[in-house]
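Some notes on the structure that comes next.
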Amino acid sequence: MRAFAYFNRALGSIRILAAPSTDPAHTQPGLFARIFLSPEERRLRAGWRLLGQSGSMLVIAVTLSITLSLLVAALASIRPDLVSSGVRTEWLLLAISILVALFAVTISVWIGRRALDRRAFRSLGLEWGAPAYRDLLIGFLIPLPLFALIFLAQWRLGWLEIEGWGWSEGNIASTLIGVVLGLAGFLAVGFYEELLFRGYYLQNLRDGTGLGLALFLSSAVFALAHLGNFSASVASTAGILAAGYFLAYGWLRTSSLWLPIGLHIGWNFFQGPVFGFAVSGSTTPSVVVHTVEGPELLTGGGFGPEAGLIVLPLMALGSALIWVYTRGRKSVTDQRPAS
23 MRAFAYFNRA LGSIRILAAP STDPAHTQPG LFARIFLSPE ERRLRAGWRL LGQSGSMLVI
83 AVTLSITLSL LVAALASIRP DLVSSGVRTE WLLLAISILV ALFAVTISVW IGRRALDRRA
143 FRSLGLEWGA PAYRDLLIGF LIPLPLFALI FLAQWRLGWL EIEGWGWSEG NIASTLIGVV
203 LGLAGFLAVG FYEELLFRGY YLQNLRDGTG LGLALFLSSA VFALAHLGNF SASVASTAGI
263 LAAGYFLAYG WLRTSSLWLP IGLHIGWNFF QGPVFGFAVS GSTTPSVVVH TVEGPELLTG
323 GGFGPEAGLI VLPLMALGSA LIWVYTRGRK SVTDQRPAS
């Protein structure tokens, strides 16, 4: 809290330096005020707030990465058997990357929301209660029929060859553990990606540019963030851009992040651990094991259905299900931004 007090004093100093002259002949805001401060209220402009949050996120991520890397190196020197397996090391690195992202995003968004936005953290759409439970559950379940249809369509068209169940070459316990670990990872990913992209980025961009451009920019940044994934391409980037709009629709219809968080978690979980498709280029242990052999333009190939045209009508169907579920709810366009 002391850091917030320092920030508020600094912000006040900027306002004093930037204050317009009391001379009646000078009524325009000072140069600093026009550059840094919102003309409507006592806080930084949206662009500076986004820059501040992103910078703090980078600092936290680098600090955590270095710290955890040193801890893993120390562990390896003491107990090399714990990290000697290639598979074990791969899972450990994946867990570390997810934890770093989870903490870096959550902490930086909390700091940005409180210190820069001067708003309550929960005002991003994180109010908890009965509607949040329902939104999270329904959001999680909506992708189930979508990926069931994608799976059946590809199988019927001969684009997908079923090889068996995930435990066919091992035991059911190891498969279930892999599926549960996949769900745990996707719980974290769904939360922090929605908090960042549909929470902090979209809502601050909306303050600065208006809703339409904010939807595009936040979805575009979301898509570009996946460019480093395996098998990423122009098609996958376009598909993730569309997914950004699909997830944002859940926020638009409810003014809450819980529905898009549920959608994101369910999307990844049913796509990967259940139906066995690649999830944005990554593979996971799955209940169903199969090989996709159809045209990559339609199926998405190694990146997964998100890079294929087949996913677009299913996103439209998912949007219709969201609309049916949220009928009668107060949407974002029905109310003013949180204050």
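In this text, residue positions in the sequence shown follow my numbering: the first is 23, and each later residue adds one.
For glycine and all other residues, C-beta sits at the position ideal for the given N, C-alpha and C.
Check, Outcome
"Minimum length 4: unbroken alpha helix (DSSP H) runs contained in the region 220 to 263", "224 to 231 and 233 to 246"
"Cβ separation of V314 and L182, assumed to be a contact under 8 Å, to the nearest whole Å", "6 Å"
"Residue range of the beta strand (DSSP E) that includes W187", "L182 to W187"
"Length at least 3, wholly inside the region 284 to 323: the beta strand (DSSP E) runs in chain order", "310 to 314"
"Inter-stretch contact (C-beta, 8 Å, three-pair minimum) for the region 203 to 219 and the region 267 to 287", "yes"
"Buried versus exposed, by CB contacts within 10 Å (16 or more), S258", "buried"
"Rounded C-alpha distance that separates A195 from V346", "38 Å"
"Run of the alpha helix (DSSP H) containing L339, from where it starts to where it stops", "V333 to Y347"
"Reduced DSSP category for L116 - H, G, I as helix; E, B as strand; rest coil", "helix"
"Contact check, L90 vs G340, beta carbons under 9 Å", "no"
"Which of helix, strand or coil DSSP assigns to L59", "strand"
"Rounded straight-line distance, which links the Cα of P317 to that of W177", "13 Å"
"Rounded straight-line distance, which links the Cα of D139 to that of L163", "33 Å"
"Identity of the residues DSSP links to L66 by a beta bridge", "L59"
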